[in-house]
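As given, the protein sequences belong to chains A and B, one line each in that order.
If you read the first sequence in the numbering used here, its first letter stands for residue 7, the second for the next number, and so on.
If you read the second sequence in the numbering used here, its first letter stands for residue 69, the second for the next number, and so on.
Glycine residues also receive a C-beta, built at the ideal position from the N, C-alpha and C atoms.
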Amino acid sequence: GENVEQHPSTLSVQEGDSAVIKCTYSDSASNYFPWYKQELGKRPQLIIDIRSNVGEKKDQRIAVTLNKTAKHFSLHITETQPEDSAVYFCAASMGAANAGGTSYGKLTFGQGTILTVHP
Amino acid sequence: EAGVVQSPRYKIIEKKQPVAFWCNPISGHNTLYWYLQNLGQGPELLIRYENEEAVDDSQLPKDRFSAERLKGVDSTLKIQPAELGDSAVYLCASSAESGGDEQYFGPGTRLTVT
Numbered sequence: 007g008e009n010v011e012q013h014p015s016t017l018s019v020q021e022g023d024s025a026v027i028k029c030t031y032s033d034s035a036s037n038y039f040p041w042y043k044q045e046l047g048k049r050p051q052l053i054i055d056i057r058s059n060v061g062e063k064k065d066q067r068i069a070v071t072l073n074k075t076a077k078h079f080s081l082h083i084t085e086t087q088p089e090d091s092a093v094y095f096c097a098a099s100m101g102a103a104n105a106g107g108t109s110y111g112k113l114t115f116g117q118g119t120i121l122t123v124h125p
Numbered sequence: 069e070a071g072v073v074q075s076p077r078y079k080i081i082e083k084k085q086p087v088a089f090w091c092n093p094i095s096g097h098n099t100l101y102w103y104l105q106n107l108g109q110g111p112e113l114l115i116r117y118e119n120e121e122a123v124d125d126s127q128l129p130k131d132r133f134s135a136e137r138l139k140g141v142d143s144t145l146k147i148q149p150a151e152l153g154d155s156a157v158y159l160c161a162s163s164a165e166s167g168g169d170e171q172y173f174g175p176g177t178r179l180t181v182t
């Protein structure tokens, strides 16, 4: 099955700096890679995602890059703000482009990164 | 659009007691997932439903866990009997028609087994 490794486990930055979180995956059939933000005691919220036919996607201060050959993807947050402080999870799945089998739709999550943005 | 609804939000029970969690997905979402999240870890899939059919329950400990989605809308996850190691957050998520990859999570039920 799929295995997703996420680094670093904790990340501390000053407000205004950039933050980068990296993930690697093992199953070359995975083609959908979402990122979730989870504040303490709250639900995981989908913040951005990328599919394997795209190398980079950006949404305001956040961006995600994907390297299919190396099987790794990264989350980039620029101009960090204290409200960006949370746990961030990457995930991988075999999405709609490869439907079939029991792995379809199953998100495999990384271990999470605790991001702290200091004012 | 209302999000995924779960209840209860918190549950404390003694070991060996039964417990049930309820989930109502986003309207129109026919795929429903139950995940388990241990403290400090990412969610892990327990079971996935397409309408009322459980299409992936390979990670569900069937000796004590059961789930149902009788009418293809809301779902119930049950544990009987609960063990100390079952203490965790149980998350429900839903996604749109087959092929909808984006999964939206509910607030979860935090279970404490004493």
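{"Item": "Cut-off 7 Å between Cβ atoms - residues of its own chain near Ala-92 of chain A, not counting five sequence neighbours on either side", "Value": "Lys-43, Gln-44, Glu-45, Leu-121"}
{"Item": "Members of the segment 109–139 of chain B that neighbour chain A once the beta carbon cut-off is set at 8 Å", "Value": "Gln-109, Gly-110, Pro-111, Glu-112, Leu-113, Arg-116, Val-123, Asp-124, Ser-126"}
{"Item": "Cβ pair count under 8 Å reaching 3, the segment 27–40 of chain A against the segment 77–86 of chain A", "Value": "yes"}
{"Item": "CB contact check: Phe-89 of chain B to chain A, cutoff 7 Å", "Value": "no"}
{"Item": "Chain A contact for Pro-175 of chain B (CB, 7 Å cutoff)", "Value": "yes"}
{"Item": "Residues in the segment 77–100 of chain A having any Cβ partner in chain B nearer than 9 Å", "Value": "Val-93, Phe-95, Cys-96, Ala-97, Ser-99"}
{"Item": "Ordered list of beta strand (DSSP E) runs contained in the segment 73–119 of chain B, each at least 3 residues", "Value": "73–75, 78–81, 87–92, 99–105, 112–118"}
{"Item": "For Val-141 of chain B, the first and last residue of its enclosing beta strand (DSSP E)", "Value": "Careful: Val-141 of chain B lies outside any beta strand (DSSP E) and carries neither H nor E."}
{"Item": "Identified DSSP bridge partners for Ala-178 of chain B", "Value": "Position check: residue 178 of chain B holds Arg in this sequence, whereas Ala was assumed. Its beta-bridge partners are B:Tyr-78, B:Val-157."}
{"Item": "Residue range of the beta strand (DSSP E) that includes Ala-98 of chain A", "Value": "92–98"}
{"Item": "Burial state of Thr-108 of chain A (16 or more Cβ within 10 Å)", "Value": "With a pLDDT of 45 at Thr-108 of chain A, under the threshold of 50, the modelled position of that residue is not reliable, and the figure given next carries that caveat. Burial call: exposed."}
{"Item": "Contact with chain A by Asp-169 of chain B, beta-carbon distance below 7 Å", "Value": "yes"}
{"Item": "Positions along the segment 110–121 of chain A whose CB lies within less than 7 Å of some CB in chain B", "Value": "Gly-111, Lys-112, Leu-113, Phe-115, Gly-116, Gln-117, Gly-118"}
{"Item": "Option in B:Ile-115, B:Gly-176, B:Ser-134, B:Lys-83 with minimal Cα separation from Arg-77 of chain B", "Value": "B:Gly-176"}
{"Item": "Beta strand (DSSP E) runs wholly inside the segment 31–90 of chain A, at least 3 long, in chain order", "Value": "38–44, 51–57, 62–65, 68–73, 78–83"}
{"Item": "Beta carbon proximity, Pro-50 of chain A to chain B, threshold 7 Å", "Value": "yes"}
{"Item": "Closer than 7 Å to chain B by CB, Tyr-31 of chain A", "Value": "no"}
{"Item": "At least three beta-carbon pairs within less than 8 Å, the segment 87–104 of chain B to the segment 143–152 of chain B", "Value": "yes"}
{"Item": "C-beta contact flag for Val-123 of chain A and Val-26 of chain A at 7 Å", "Value": "no"}
{"Item": "Identity of the residue in A:Glu-62, A:His-82, A:Arg-67 nearest Asn-73 of chain A by Cα", "Value": "A:Glu-62"}
{"Item": "Inter-residue Cα distance where the pair is Ala-98 of chain A and Leu-152 of chain B", "Value": "30 Å"}
{"Item": "Buried or exposed by the 16-neighbour rule on C-beta atoms within 10 Å, applied to Pro-86 of chain B", "Value": "exposed"}
{"Item": "Close-in-space but distant-in-sequence residues of the same chain around Arg-178 of chain B (CB under 6 Å, 5 per side omitted)", "Value": "Tyr-78, Val-157"}
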